[in-house]
Amino acid sequence: MKKTEVMATAMEMARKGLGFAPALAIEQIAELIAQEDPADELYDSKVERLLKLAACIWSLRRDVVTPPGEGGRLL
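Position one of the sequence shown corresponds to residue 7 (our numbering), numbered consecutively onward.
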């Protein structure tokens with residue numbers, strides 16, 4: 007799938023309410039990490055990318071619950 011197709015499909019799924027809740031999305035990422043083979047030479051980079059995705063979801067979720075300026079971000 008090309009990047010534009012991924013974006014269009016994801017946006018359409020979101021409009022239809024077919025996306026995961028943030029907590030479930032992070033659980034799904036954890037399952038994907040668990041399926042990775044630690045012996046794979048690309049293991050570290052794959053896991054790092056998945057963890058960054060989970061961190062992004064967590065940050066977005068946190069900002070929805072506590073918007074910046076209300077304790078959502080410490081600068």
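For glycine and all other residues, C-beta sits at the position ideal for the given N, C-alpha and C.
Host alpha helix (DSSP H) of residue i (start-end)
i   : result
M7  : M7 -> no alpha helix (DSSP H), and no H or E assigned at all.
L38 : P28 to Q41
Distance between residue j and residue i (C-alpha atoms, nearest Å)
i   : j   : result
S51 : F26 : 24 Å
E18 : E42 : 29 Å
A16 : R68 : 21 Å
Residues of its chain near residue i, where Cβ-Cβ distance is below 8 Å and the 5 sequence neighbours each way are ignored
i   : result
I32 : A60, I63 and W64
L66 : P28
L38 : L56
Residues near residue i in its chain [Cβ-Cβ closer than 6 Å; skip 5 each side]
i   : result
G23 : none
Sequence-distant residues of its chain with Cβ nearer than 7 Å to residue i (five each side left out)
i   : result
I35 : L56, L59 and A60
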